[in-house]
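Engineer: First to last, the protein sequences are chains R and F. In this text, residue positions in the first sequence follow this note's numbering: the first is 5, and each later residue adds one. In this text, residue positions in the second sequence follow this note's numbering: the first is 5, and each later residue adds one. The structure follows.
There are 2 protein chains.
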Amino acid sequence: MELNCPIPITQYKQVLLAHGGGGKLSEQLISKLFLPQFNNPLLNQEHDGAIIDFNGTRLAFSTDSYVVQPLFFPGGDIGELAVNGTVNDLACCGARALYLSLGFIIEEGFSMDELWQITQSIKRAADHAGVQIVTGDTKVVDKGKGDKIFINTSGIGLIDNHVNISSSKLKPGDDIIINGNIADHGITIMLQRAELQFDNEIKSDTAPLNEMVQSVLEISENIHMMRDPTRGGLASSLNEITKKANLGIELYEDKIPIAENVKNACELLGLDPLHIANEGKILFFVDPDDTQKVLAKMKNQKYGEKSCIIGKVVEKDPGYVRMKTTIGSTRIVDMISGEQLPRIC
Amino acid sequence: MELNCPIPITQYKQVLLAHGGGGKLSEQLISKLFLPQFNNPLLNQEHDGAIIDFNGTRLAFSTDSYVVQPLFFPGGDIGELAVNGTVNDLACCGARALYLSLGFIIEEGFSMDELWQITQSIKRAADHAGVQIVTGDTKVVDKGKGDKIFINTSGIGLIDNHVNISSSKLKPGDDIIINGNIADHGITIMLQRAELQFDNEIKSDTAPLNEMVQSVLEISENIHMMRDPTRGGLASSLNEITKKANLGIELYEDKIPIAENVKNACELLGLDPLHIANEGKILFFVDPDDTQKVLAKMKNQKYGEKSCIIGKVVEKDPGYVRMKTTIGSTRIVDMISGEQLPRIC
């Protein structure tokens, strides 16, 4: 047992919002404080969940708490987010999400009617994703000690025998495919919070991706890795991956899909869309032999119509994400270090 | 889809603390709002968790959020509670707890040092209970929108082939055994909150009960049901059981174990110890043929030395818990309807 807190507390005596933001400080908290403490092979897989073998039946197990503010936003609400987010984390482990738990932490005085709306939304999202809510818990905290409602969902999914997803399979040359436009969710929440009536068409991309993932895994055994670029955006997810795999990533700026109105909102707000949170987006790292097959399959799916190749894994500059910009130069894409917007999910 | 909220909102337009207190209002929220909405056979088992069959491998899956205040108290802290609580919920399903997830919701400004203390406590408790933390999530909410730290743990446990625990097996004549003194945890928290220096010896009974449960399940196939009487105390747990099973329960007041100082604290505070939360306590409902064998086994265990029979299941007055008092009369023991003390766990 260490006698001193491993986070340099002279630097951070208190938890900052950025420690939950998905960027550098989140990464520090996890890698310095949590992982060494709980150190075990299942945790150290560092998937979006743990993969557990029960007598040959492989299950994925994942958890996420949802604290998004506001609770209701264009394109979704906290309930839908809580279902889709955990379903997608399981999908990134290669698992078919089957069962979810539901933990509510409600602030005293929260509207019973809004609780009921959220409950209905959870049910609709669960039905849409084909998962069941099988167990739950409700806690109520005193007024002023919470913020309306926080939701935890944990989930169990089944991994088919032929599926083998692992960051250790990542290799130079792998193509990186995304299933559509980036930054929709984050910009939606930001505009709501800023009460900016920017564009009614901008809405969250929250969606369950399990069906698309399964359909791709059925036609290709060369999906090396998957990741959903949520908190911290595309930049943080890709940086994490390069650092763990000790490989580089090259992005093609002109290929990264983004809606015109979302791009304009980013420019107006002075934000880099690569740092903005996504919800219904997933990155596939695919052996180039299978890229076209996978891309064709994805484009056939409801949540994959705009799928495209946005970059590739390279040997050069391990630990770094470089982007070929539209003007022909190359720039380093770094993880966000502070907190762009708290409580995005 | 119903068009109106099924909770009579003219009566409860807002969520009250008592909706999370484990008593009548909690029961109403669950039975009227959540269960009908998510209705499915696994949820409807209404165990402390769901029991799921994967090709013959039976797993239990459970979730709980911990919002206890204060975070540190005599006998334990929120971290230890979060591990033991979920381990015990799995134990009540007849499962060996194996894997836990860990979801933190931290308030901005929370002390990094306390976070580290809690992390260490979780690790110690997990080691003590023989479970692994395999996946996690950290969210940070703005200052004033949380209360230091809330923790969700969800867990997966394995149910041995010979084990078959179900409320449907409960029958008249079953003995009810408890593994020790009641009301320790709730009174500890109450005295802390009231800042009463009542008695330094009163401390939380938080403990992992999985080892004791497994040892009992190994020697008896006639354990019909188990339940940990946490929020709402012994009275709420037993009332829930009688109502679901449509059977009665008879309690023997003079047999219910309670420490003298805890009893005195209850009298001083005007509280019924049957309504006070327990943590490291479990109720076994046992076929009388096996009662003595089970009792002997329990008394041999670290957390079962004070085990004793406190009542039995009866046909009379289905849906009610009656208690033979020490003065020879009989009284109805009802579920608590309001909220005795919020955030007990």
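Cβ coordinates follow ideal geometry from the N, Cα and C atoms, glycine included.
For the region 110-124 of chain R, list every residue whose C-beta sits within 8 Å of some C-beta in chain F, in sequence order.
Structural biologist: Listed by position, the residues of the region 110-124 of chain R near chain F (Cβ gap below 8 Å) are I110, E111, E112, G113, F114, S115, M116, D117, L119, W120, T123, Q124.
Engineer: Against chain R, does I163 (chain F) count as a neighbour if the rule is that its beta carbon must be under 8 Å from one of theirs?
Structural biologist: For this step, residue 163 (chain F) is matched to residue 159 along the second sequence. Taking Cβ atoms only, chain R never reaches closer than 8 Å to I163 (chain F), which makes this a no.
Engineer: Taking beta-carbon pairs under 7 Å, can you tell me which members of the region 75-104 of chain R lie near chain F?
Structural biologist: So the list reads Y103, given in the order they occur along the chain.
Engineer: Could you say which of R:L255, R:N156, R:P261 lies nearest to C349 (chain R) if we only look at CA atoms?
Structural biologist: For the purposes of this step, residue 349 (chain R) is taken as the residue at position 345 of the first sequence. If we check each option's Cα against that of C349 (chain R), R:N156 comes out closest.
Engineer: Would you say V217 (chain R) and M229 (chain R) are within 8 Å of each other, going by their C-beta atoms?
Structural biologist: As a first step, residue 217 (chain R) is located in the first sequence; it is residue number 213 there, counting from the start. As a first step, residue 229 (chain R) is located in the first sequence; it is residue number 225 there, counting from the start. In this structure, M229 (chain R) does not lie closer than 8 Å to V217 (chain R) by Cβ.
Engineer: Using beta-carbon positions only, say whether D179 (chain F) and K207 (chain F) come within less than 8 Å of one another.
Structural biologist: Sequence index remark: in the second sequence, residue 179 (chain F) carries index 175 (1-based). Sequence index remark: in the second sequence, residue 207 (chain F) carries index 203 (1-based). Contact: no.
Engineer: Evaluate R335 (chain F) with the Cβ neighbour count: other Cβ atoms within 10 Å of its Cβ, from every protein chain shown; 16 or more gives buried, anything less gives exposed.
Structural biologist: Residue mapping note: residue 335 (chain F) aligns to position 331 of the second sequence, counting from 1. Counting Cβ neighbours within 10 Å, R335 (chain F) comes out exposed, since fewer than 16 surround it.
Engineer: CA-CA distance, G237 (chain R) and L299 (chain F)?
Structural biologist: Taking the first sequence and counting its residues from 1, the one referred to as residue 237 (chain R) is at position 233. Taking the second sequence and counting its residues from 1, the one referred to as residue 299 (chain F) is at position 295. Approximately 57 Å between the Cα atoms of the pair.
Engineer: Within its chain, find whatever has a CB closer than 7 Å to the CB of G113 (chain R); leave out the 5 residues flanking it on each side and keep chain order.
Structural biologist: Against the first sequence, residue 113 (chain R) aligns to sequence position 109. Excluding residues within five positions, the ones whose Cβ falls inside 7 Å are K147.
Engineer: For the region 15-35 of chain F, list every residue whose C-beta sits within 9 Å of some C-beta in chain R, in sequence order.
Structural biologist: Answer in chain order: Y16, K17, Q18, V19, L20, L21, A22, H23, G24, G25, S30, L33, I34.
Engineer: Can you confirm whether the region 94-101 of chain F touches the region 129-141 of chain R when touching is taken to mean that 3 or more C-beta pairs between the two stretches lie within less than 8 Å?
Structural biologist: No: fewer than three Cβ pairs fall under 8 Å.
Engineer: Check the Cβ-Cβ distances between P233 (chain F) and every residue of chain R, and say whether any is below 8 Å.
Structural biologist: Stepping through the second sequence from its first residue, residue 233 (chain F) is reached at position 229. With 8 Å as the cut-off, P233 (chain F) does not count as an interface residue toward chain R.
Engineer: At a CB-CB cut-off below 9 Å, which residues of chain R make contact with P212 (chain F)?
Structural biologist: Here the question's residue 212 (chain F) lines up with position 208 in the second sequence. Result: empty, since nearest Cβ-Cβ is about 17 Å, beyond 9 Å.
Engineer: Residue range of the alpha helix (DSSP H) that M302 (chain R) falls in?
Structural biologist: Working through the first sequence from its first residue, we reach residue 302 (chain R) at position 298. Taken as a continuous stretch (DSSP letters only), the alpha helix (DSSP H) holding M302 (chain R) covers 295-303.
Engineer: Helix, strand or coil for R100 (chain R)? Go by DSSP, reduced to three states.
Structural biologist: Position 96 of the first sequence, counted from the first residue, corresponds to residue 100 (chain R). In this structure, R100 (chain R) counts as strand in the three-state DSSP scheme.
Engineer: Kindly list the residues whose CB is nearer than 6 Å to the CB of V318 (chain R), restricted to its own chain and excluding five residues on each side of it in sequence; keep chain order.
Structural biologist: Sequence index remark: in the first sequence, residue 318 (chain R) carries index 314 (1-based). So the qualifying residues of the chain are P176, G252, E254.
Engineer: Is the CB-CB distance between G184 (chain R) and P261 (chain R) below 8 Å?
Structural biologist: Translated into positions along the first sequence, residue 184 (chain R) becomes position 180. Translated into positions along the first sequence, residue 261 (chain R) becomes position 257. Contact flag set, yes.
Engineer: Does the count of Cβ pairs from the region 123-132 of chain R and the region 238-252 of chain R closer than 8 Å reach three?
Structural biologist: Short answer: they don't touch.
Engineer: For L47 (chain F), go through chain R and note every residue whose CB falls closer than 9 Å to its CB, in chain order.
Structural biologist: In the second sequence, residue 47 (chain F) corresponds to position 43, counting from 1. Going along chain R in sequence order, the residues near L47 (chain F) (Cβ under 9 Å) are Q136, I137, V138, T139, G140.
Engineer: Would you mind telling me which residues of chain F sit closer than 9 Å to S66 (chain R), beta carbon to beta carbon, in chain order?
Structural biologist: Against the first sequence, residue 66 (chain R) aligns to sequence position 62. The contacting residues are S105, T139, D141.
Engineer: Report, in whole angstroms, the separation of the C-beta atoms of T90 (chain F) and D68 (chain F), which I expect to be a contact under 8 Å.
Structural biologist: Counting from 1 along the second sequence, the entry for residue 90 (chain F) is found at position 86. Counting from 1 along the second sequence, the entry for residue 68 (chain F) is found at position 64. The pair is a contact, with the Cβ atoms about 5 Å apart (cut-off 8 Å).
Engineer: Checking the sheet assignment: what are the DSSP bridge partners for T334 (chain R)?
Structural biologist: In the first sequence, the residue the question calls residue 334 (chain R) occupies position 330. In DSSP, T334 (chain R) forms a bridge with R:K328.
Engineer: Which stretch, first to last residue, makes up the alpha helix (DSSP H) that contains S219 (chain F)?
Structural biologist: As a position in the second sequence, residue 219 (chain F) is number 215, starting the count at 1. First-last of the alpha helix (DSSP H) with S219 (chain F): 214-223.
Engineer: CA-CA distance, M5 (chain R) and L47 (chain R)?
Structural biologist: By one-based count along the first sequence, residue 5 (chain R) stands at place 1. By one-based count along the first sequence, residue 47 (chain R) stands at place 43. Any reading at M5 (chain R) is ruled out, since the residue's pLDDT is 44, under 50, leaving its predicted position unreliable.
Engineer: Looking at chain R, is there any beta carbon in it that lies within less than 8 Å of the beta carbon of S171 (chain F)?
Structural biologist: What you label residue 171 (chain F) is simply residue 167 of the second sequence in a count that begins at 1. No, its Cβ sits nowhere closer than 8 Å to a Cβ of chain R.
Engineer: Find out if the Cβ-Cβ distance for the pair S224 (chain F), V290 (chain F) is shorter than 8 Å.
Structural biologist: Walking along the second sequence from the start, residue 224 (chain F) turns up at place 220. Walking along the second sequence from the start, residue 290 (chain F) turns up at place 286. A contact, by the Cβ cut-off of 8 Å.
Engineer: Please state whether DSSP places E112 (chain R) in a helix, a strand or coil.
Structural biologist: Along the first sequence, read from residue 1 onward, the residue named residue 112 (chain R) stands at position 108. Reduced to three states, the DSSP call for E112 (chain R) is coil.
Engineer: Rounded to whole angstroms, what is the Cα-Cα separation between G343 (chain F) and S105 (chain R)?
Structural biologist: In the second sequence, the residue the question calls residue 343 (chain F) occupies position 339. In the first sequence, the residue the question calls residue 105 (chain R) occupies position 101. The amino acid occupying residue 343 (chain F) in the given sequence is Glu; Gly does not appear at that position. Computed Cα separation, rounded: 25 Å.
Engineer: So the candidates are F:S241, F:R347, F:T330, F:Q296; which of them puts its Cα closest to the Cα of I286 (chain F)?
Structural biologist: Locating residue 286 (chain F) in the second sequence gives position 282, where the first residue counts as 1. Among F:S241, F:R347, F:T330, F:Q296, the Cα nearest to that of I286 (chain F) is on F:S241.
Engineer: Which whole-angstrom value is the C-beta distance of G159 (chain R) and L63 (chain R), which I expect to be below 8 Å?
Structural biologist: Within the first sequence, the letter at position 155 stands for residue 159 (chain R). Within the first sequence, the letter at position 59 stands for residue 63 (chain R). Not a contact, Cβ separation roughly 10 Å.
Engineer: For V19 (chain R), which of helix, strand or coil comes out of DSSP?
Structural biologist: As a first step, residue 19 (chain R) must be located in the first sequence, where it is residue number 15. Three-state DSSP puts V19 (chain R) in coil, outside helix and strand.
Engineer: Does the beta carbon of D146 (chain F) come closer than 8 Å to any beta carbon on chain R?
Structural biologist: As a working note, residue 146 (chain F) is residue 142 in the second sequence. Closer than 8 Å: yes.
Engineer: Residues of chain F with CB under 7 Å from F288 (chain R), in chain order?
Structural biologist: Residue 288 (chain R) sits at position 284 when you count from the first residue of the first sequence. Correct list: empty, because the minimum Cβ distance to chain F is about 22 Å.
Engineer: Would you kindly report the start and end of the unbroken beta strand (DSSP E) that includes G190 (chain F)?
Structural biologist: For the purposes of this step, residue 190 (chain F) is taken as the residue at position 186 of the second sequence. No beta strand (DSSP E) holds G190 (chain F); the alpha helix (DSSP H) holding it covers 188-197.
Engineer: If the cut is a Cβ gap below 8 Å, which residues of chain R does A281 (chain F) touch?
Structural biologist: Taking the first residue of the second sequence as 1, we reach residue 281 (chain F) at position 277. Within 8 Å Cβ-Cβ: nothing; A281 (chain F) doesn't reach chain R, min ~13 Å.
Engineer: Kindly list, in the order they appear in chain R, the residues whose Cβ is closer than 9 Å to that of V71 (chain F).
Structural biologist: The count along the second sequence starts at 1 and reaches residue 71 (chain F) at position 67. Correct list: I109, K143, V144, V145, K149, G150.
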